[in-house]
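Quick note, in UniProt numbering, the sequence shown goes up one by one and the last residue is 214. Worksheet: one structure, shown below.
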Amino acid sequence: MSDKKTYARRKAQRPAEITAAGLAEFAENGFAATRLTDVAARAGVSKATIYLYFENKTALFEAAVLTTIVPVLTEIEEMTSTFDGPTEELLKYLVTSTYARLVGTDAMTIMRILIGEGRRFPDLVKLYKSRALDQGLRILDKIVARGVARGDLRPEIADGDPRVLIGPTFMAAVWEMVFADIDALDIATFRDTHIDILFNGALTRRTTGDSDTP
1 MSDKKTYARR KAQRPAEITA AGLAEFAENG FAATRLTDVA ARAGVSKATI
51 YLYFENKTAL FEAAVLTTIV PVLTEIEEMT STFDGPTEEL LKYLVTSTYA
101 RLVGTDAMTI MRILIGEGRR FPDLVKLYKS RALDQGLRIL DKIVARGVAR
151 GDLRPEIADG DPRVLIGPTF MAAVWEMVFA DIDALDIATF RDTHIDILFN
201 GALTRRTTGD SDTP
């Protein structure tokens, strides 16, 4: 491969490499304490090179959101739009994917910053809401509307807050961030319990309480 092609390939990879380095620095130091000088050193580039791709540290945080969380949401949204099976299977896919791709992964760094430093940096919270959270809420709304229309979900679910359907996922994430070293969560068991409660509370076909009492 020619030097020119090698350089072009490296240049194309550079934004992703800088983003990965930034995410690693955010994980170690938080948002406020992360310095672009250290990000550059970790990525093996000069600080000036970072500014060719990212205007500031906030732009780097945005890139981290777009590479760690948004692809997961987009994949789930595409699945939701094309899926033709029962809502029970769709909900199971949603919950399973969320635990597998977000809990205990690099996405936790984003959540840690939002929880720990969001009040100090409200622009990060607004950025995350517009670039990721709103998409996630849109997915939940679509699943609920689809499920009610098909008769898979109880109609009352549409009048409630759909965030409840996925809320335990965030409980698991926060638990892992705070208590993992002293009381680690069994993610698989927690996830399965979440799914069981979800199915027995939202679906029209109940596993308990449906039979007539003599």
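The beta-carbon is built from N, C-alpha and C at its ideal position, and this holds for glycine as well.
Close beta carbons around residue i, own chain, < 6 angstroms, minus the five adjacent residues each side
i, result
"A27", "T109"
8 angstroms Cβ shell around residue i - same chain, five flanking residues per side excluded
i, result
"T96", "R191, I195"
"V70", "R131, A132, Q135"
"L60", "I18, T19, G22, L36, V39, I50, F54"
"A32", "E117, R120, F121"
Burial state of residue i (16 or more Cβ within 10 Å)
i, result
"L66", "exposed"
"T74", "exposed"
"G116", "exposed"
"L52", "exposed"
"I197", "exposed"
"V178", "exposed"
First and last residue of the uninterrupted alpha helix (DSSP H) at residue i
i, result
"L52", "47–53"
"L113", "In the sequence on display, residue 113 carries Ile and not Leu. Looking at the DSSP string, the run of the alpha helix (DSSP H) that includes I113 is 107–117."
"K126", "122–128"
"D152", "Per DSSP, D152 belongs to no alpha helix (DSSP H) and is neither H nor E."
"P71", "70–82"
"D192", "187–202"
"G164", "In the sequence as presented, Gly is not what sits at residue 164; that position holds Val. Premise fails: V164 is in no alpha helix (DSSP H) and is neither H nor E."
Close Cβ partners of residue i (< 7 angstroms) along its chain, the five nearest in sequence each way excluded
i, result
"D152", "P86, T87, E88, L203, T204"
"T98", "I166, T169"
"R42", "A21, A24, E25"
"G201", "none"
Span separating the alpha-carbon of residue i from that of residue j
i, j, result
"D181", "I157", "37 angstroms"
"G44", "A64", "18 angstroms"
"L23", "D106", "8 angstroms"
"L114", "R163", "18 angstroms"
"I50", "R120", "24 angstroms"
"S211", "F83", "With a pLDDT of 42 at S211, under the threshold of 50, the predicted position of this residue should be treated as unreliable, though the coordinate-derived value follows. Roughly 31 angstroms separates the two Cα atoms."
"F170", "L127", "19 angstroms"
"T34", "E25", "6 angstroms"
"P138", "I76", "Residue identity differs from the one stated: residue 138 is Arg in this sequence, not Pro. Distance between the alpha carbons of R138 and I76 is about 11 angstroms."
"A173", "L124", "19 angstroms"
"G209", "L185", "Because G209 sits at a pLDDT of 41, beneath the cut-off of 50, its placement in the model cannot be relied upon, and the point is left open."
Whole-number beta carbon distance between residue j and residue i, since they are thought to touch under 8 angstroms
i, j, result
"L36", "K57", "6 angstroms"
"V72", "E176", "At roughly 17 angstroms, the Cβ-Cβ gap does not stay under 8 angstroms, so V72 and E176 are not in contact."
"T80", "I143", "6 angstroms"
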